[in-house]
Amino acid sequence: MVVVDDGSDFDLSGWEAEEDQAPPEGDPALAIAAIEIQAAITEHHPIDTSADWDDFEAFLPDCATPLPRPDDAEARERLRLVLLRAVREGSVPRFAIEDLINNNDGNPDAEASKLLTMVINDLGAEADERFEYSAPHESFEVFIAPDEEPSEEEAVAEALAFLDNLATRRNEPLRLYQRDLRRQSLLTAEAEVALGQAMELGVEKALDALAAWPSGVAVLLNAARQVAEGTRPLRSMYFAPQADLLEAGAAPIADIDAAVSLEAALELPDLEGEATGSEDERDLQSGLDTKESTDELAEFCTNAELLSELAVDERQNTPTWESCRRVLASLGLTRGFLMELANSDLAGEADAALAFAHAMTTYRRARDQMVVANLKLVYSISKKYLSSGQPLDDLLQEGNIGLIKAVDRYDWRRGFKFSTYGTWWIRQHVGRFVADKGNTIRLPVHVYEKIRRIAQTAKDFELRHGHTPTLEEISALVEMPVHKVDALVRMDLEPLPLHELPDIDNLIAVHAQEQFAVRDAAEFVEDIQFGDSVDRFLSTLKLKEANVVRMRYGIGLLDSMTLEEVGACYGVTRERIRQIEAKALGRLRHPVRLEQFLTEVGLSPASEPEQRALIPGGSAEADHSTAPRP
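full-length UniProt numbering numbers the first residue of the sequence shown as 1 and each following residue consecutively.
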């Protein structure tokens, strides 16, 4: 291609050449001013002159109130008249409630109806279905005198305030619990020891008074007789320290370094490993109410019988009183039974009964003070189980039960802070609740603890090594057999709801789908005929050789067997079975015998090398996919 320059100008269609602009001259004064401004901004400290809002508690409801707002004067007046009518008459027509609970679209609000009905019931009134008219054209309105008595005004005002709190969820039990929780102060170590000594002293004085109280001893013996007959559980009266320690030890303690000394002092068993020990110990770990230990029951009944043979002297510090006091101490009565005895009707009882009740009141006050001071510990532990899907108030309830048990069993002589000791009881109760309620299919608590340990071990392994651990690796870390780890991992699978089930074909393994497929009848006939041909083919061998081949290759059996398994059946070594197998396969590879078999099953006879390859072991290059297990 040749370009010819004819000298004509190129048409730019109005485009003009861009001229290079010279940069402006720098102004040092502006640069210095900008630097000074930036420095001033950096060194600026804002001054807050507003009032301190630390004590201000703001509350924003999750949703709009379902009842009339306080600024809606007309609706509030109608609500007030309904509550006033509930106070005066003791009943409110249902239609009067429905007029107050309708939404903007005219539909009734179920939540508003529930709240308003609850407040009306608290006022001692009911909502009925009566209609207050005698003719269809009459109005439903009933005149209610707005003038209120002082008592009526107070009741209605209190009901309105309570209803507003209900609507805004200000007086929910959990919110009130959290509000009161912030007001409680923690105890010092010295205060905990003082409360522990007060509880112990209260129990000792109660037993002193019980030894001089004939009626109380009679009630005790009657309860012991019920235990012996099996109508009352032993644990309701008998305090077994070792069993309680086993129960409290159900929580994992490997992650708390500070608790090593506590574990040694309390002699807590290692419940994270294999579940060993007696059946009673496993029942204590799993939280199951099983029959009591025979030895403990026998010891308790023996001491109760010894107590029944003693006379009760109402005077203290006498030999008879001291004998009765020693037997009472050996009974190991629970704090709960002593509280039950103190709460019985003591009208007309002797001075010893009043002394017993006063001692248990002292114990209860010290225990309640210890419990209230440690509610924050329950709250902090229960929050860690929110991932289980259980409501926080239920978790707190179970944790508080564990806290009360920990306080009842607190021993100030061990020298540990109560929070270190009570943590195990709280965790044990919350963990049992989650294990019982958290799964669709309930698992025993000791199984649930093992599953949690395996899951935590697998998570830690993946964080350290960057890949999911195998069953063998988990088994080595948790020191369990592989088959047990496999079973526990499969137990942790969540069941699928019916509406989320995938197609049935996707649930069946690929290699097993043929077993669930509908086969043609001709295929069944072919399989039967092929099996008969194989039986005739093997019948040409000796009976022992044919049976060895069948067991080694799983012919007519569920699975193949190893040399050791076949040898165990015949009482010989694996080497002898290998020799019998090799001899039998050699006979089956005989050209005449093999050709007859191939012709019978509809296969064309092949060359001798190909025929030898059809029998396992006939060629070094044969397919080993059908080889038996060694």
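Glycine residues also receive a C-beta, built at the ideal position from the N, C-alpha and C atoms.
Beta-carbon proximity check, residue i vs residue j, cutoff 8 Å
| i | j | result |
| --- | --- | --- |
| residue 548 | residue 580 | yes |
| residue 441 | residue 495 | yes |
| residue 375 | residue 382 | no |
| residue 538 | residue 550 | yes |
| residue 407 | residue 367 | yes |
| residue 209 | residue 355 | yes |
| residue 578 | residue 563 | yes |
| residue 218 | residue 237 | no |
| residue 187 | residue 373 | yes |
| residue 334 | residue 239 | yes |
| residue 314 | residue 352 | yes |
| residue 123 | residue 159 | yes |
| residue 457 | residue 488 | no |
| residue 156 | residue 83 | yes |
| residue 331 | residue 304 | yes |
| residue 79 | residue 206 | no |
| residue 324 | residue 161 | no |
| residue 433 | residue 192 | no |
| residue 410 | residue 181 | no |
Contact set for residue i: own chain, Cβ-Cβ below 8 Å, skip 5 residues either direction
| i | result |
| --- | --- |
| residue 573 | 567 |
| residue 430 | 381, 382, 385, 395, 398, 399, 402 |
| residue 200 | 412 |
| residue 126 | 90, 91, 92, 120 |
| residue 344 | 219 |
| residue 546 | 538, 539, 584 |
| residue 565 | 551 |
| residue 149 | none |
Close beta carbons around residue i, own chain, < 6 Å, minus the five adjacent residues each side
| i | result |
| --- | --- |
| residue 19 | none |
| residue 138 | Model confidence at residue 138 stands at a pLDDT of 48, short of 50, so the residue's coordinates are unreliable; what they give is reported in the following sentence. So the list is empty, once near-sequence residues are dropped. |
| residue 485 | 471, 474, 475 |
| residue 307 | 327 |
| residue 260 | Below a pLDDT of 50, predicted positions are generally treated as unreliable, and residue 260, at 34, falls in that range; the measurement from the model is reported next regardless. Correct list: empty, nothing qualifies. |
| residue 468 | 462 |
| residue 483 | none |
Cβ-Cβ separation, residue j to residue i (assumed contact under 8 Å), whole Å
| i | j | result |
| --- | --- | --- |
| residue 447 | residue 491 | 7 Å |
| residue 438 | residue 377 | So it is not a contact: roughly 22 Å between Cβ atoms. |
| residue 152 | residue 88 | 7 Å |
| residue 370 | residue 195 | 5 Å |
| residue 525 | residue 555 | Actually they are not in contact, since the Cβ atoms of residue 525 and residue 555 sit about 19 Å apart, beyond 8 Å. |
Close Cβ partners of residue i (< 7 Å) along its chain, the five nearest in sequence each way excluded
| i | result |
| --- | --- |
| residue 17 | none |
| residue 129 | 94 |
| residue 362 | 198, 202 |
| residue 311 | 320 |
| residue 349 | 215 |
| residue 530 | 601 |
| residue 405 | 425 |
| residue 638 | No information on residue 638 is available, as it lies outside the stretch 1 to 630 that the chain covers here. |
| residue 44 | none |
| residue 624 | The predicted position of residue 624 is uncertain, since its pLDDT is 41 and thus under 50; no value can be drawn from it. |
| residue 481 | 475 |
| residue 647 | Outside the displayed span of the chain (1 to 630) sits residue 647, for which this structure offers no information. |
| residue 213 | 350, 352, 353, 356 |
Proximity test, residue i beta-carbon vs the ligand GDP heavy atom, cut-off 7 Å
| i | result |
| --- | --- |
| residue 330 | By its list of ligands, the structure shown contains no ligand whatsoever, and the ligand GDP lies outside what it can speak to. |
Problem - Contact between the segment 95-104 and the segment 115-125 (3+ Cβ pairs under 8 Å) - result: yes
Exercise for the section: Assess, as a yes-or-no matter, whether the segment 164-179 is touched by the segment 78-94 under the definition of 3 or more beta carbon pairs within less than 8 Å. Expected result: No contact exists between the segment 78-94 and the segment 164-179.
Problem - Start-end ranges of the alpha helix (DSSP H) lying completely within the segment 197-244, minimum 4 residues - result: 214-229
Problem - Secondary structure, beta strand (DSSP E): runs of 3+ residues fully inside the segment 416-461 - result: none
Exercise for the section: At 4 residues or longer, and completely inside the segment 295-338: list those alpha helix (DSSP H) runs for me, N to C. Expected result: 319-331
Handout entry: Secondary structure, alpha helix (DSSP H): runs of 4+ residues fully inside the segment 363-414
Key = Complete alpha helix (DSSP H) runs here, min 4: 375-382, 392-408.
Practice task
Note down, one range per segment and in chain order, each alpha helix (DSSP H) of at least 4 residues found wholly within the segment 564-589.
Solution key: Runs of the alpha helix (DSSP H) inside the segment 564-589: 574-588.
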